[in-house]
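Asker: Have a look at the structure that comes next, please.
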Amino acid sequence: MPDYRRYRVPGGTYFFTVNLLERRLDTLVRHIDLLRAAVRATRMARPFHIDAWVVLPDHMHCVWTLPPGDDDYSNRWKVIKIRFVQALPRTERRSKVRMAKAERGIWQRRFWEHTIRNETDYARHIDYVHWNPIKHGLVQRLADWPYSSFHRYMKSGLYPANWAGNVVNEECNEFGEYG
Numbered sequence: 001m002p003d004y005r006r007y008r009v010p011g012g013t014y015f016f017t018v019n020l021l022e023r024r025l026d027t028l029v030r031h032i033d034l035l036r037a038a039v040r041a042t043r044m045a046r047p048f049h050i051d052a053w054v055v056l057p058d059h060m061h062c063v064w065t066l067p068p069g070d071d072d073y074s075n076r077w078k079v080i081k082i083r084f085v086q087a088l089p090r091t092e093r094r095s096k097v098r099m100a101k102a103e104r105g106i107w108q109r110r111f112w113e114h115t116i117r118n119e120t121d122y123a124r125h126i127d128y129v130h131w132n133p134i135k136h137g138l139v140q141r142l143a144d145w146p147y148s149s150f151h152r153y154m155k156s157g158l159y160p161a162n163w164a165g166n167v168v169n170e171e172c173n174e175f176g177e178y179g
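Just so we're aligned, residue 1 is where the sequence shown starts under full-length UniProt numbering, counting upward by one.
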């Protein structure tokens, strides 16, 4: 089994991509209230700041900033995933391996993480998060996608309502997406 090492900066800011196991499902948006409840409960127990977040049908991207001295984003993701799965109705098929491990088979086991290095890196990742509904052909205007912190940024004047981003699609793998 590979030994996954993650770069950790206490109090750091991180970009994440988290995927469903079945990439063609709409579980995250169909059960958005359950996902929001899982995130809210986790934040109450283990605080973190949500800099940006977009939830798509089968995956999500977000940027978090952890409290000073804290670098434990992995356990936060573990708890969010567990809380969401426990709240979901049991409808999915499970492999023998997942049944043996008492896993539901909703999430991919790991997640993509990138430590934000500077203001330019931060701005690129925030833009990427918000641009994603257009990238995936879900909307033509970002203001039409309801599951995004884009609305918060728009209300505060950081983005105009017609902003379409300037993220280039040629480097998607830099953001944890392939294909």
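Glycine residues also receive a C-beta, built at the ideal position from the N, C-alpha and C atoms.
1) I'd like to check one pair, T17 with H49: are the Cβ atoms closer than 9 Å?
2) If we count Cβ pairs, one from each stretch, closer than 8 Å, do we get three or more for the stretch 55 to 72 versus the stretch 12 to 28?
3) So is P68 buried or exposed if we call it buried at 16+ other beta carbons inside 10 Å?
4) Please identify the residue among D33, L66 and N132 whose C-alpha is closest to the C-alpha of V9.
5) Given a cut-off of 9 Å, decide if Y147 and V63 are closer than it, judged by their beta-carbon atoms.
6) Could you have a look at S149 and say whether DSSP puts it in helix, strand or coil?
7) Which complete alpha helix (DSSP H) runs does the UniProt domain "Transposase IS200-like" (9 to 132) hold, if anything under 4 residues is left out?
8) Assuming W77 and V129 are in contact, meaning their beta carbons sit under 8 Å apart, how far apart are those beta carbons, in whole angstroms?
9) Can you check whether the CB of T13 is closer than 9 Å to the CB of L88?
10) Kindly indicate which three-state DSSP category L158 falls into: helix, strand or coil?
Answerer: In this structure, then:
1) no
2) yes
3) exposed
4) L66
5) no
6) coil
7) 27 to 30, 32 to 45, 73 to 87 and 96 to 100
8) About 16 Å separates the two Cβ atoms, so there is no contact after all.
9) no
10) coil
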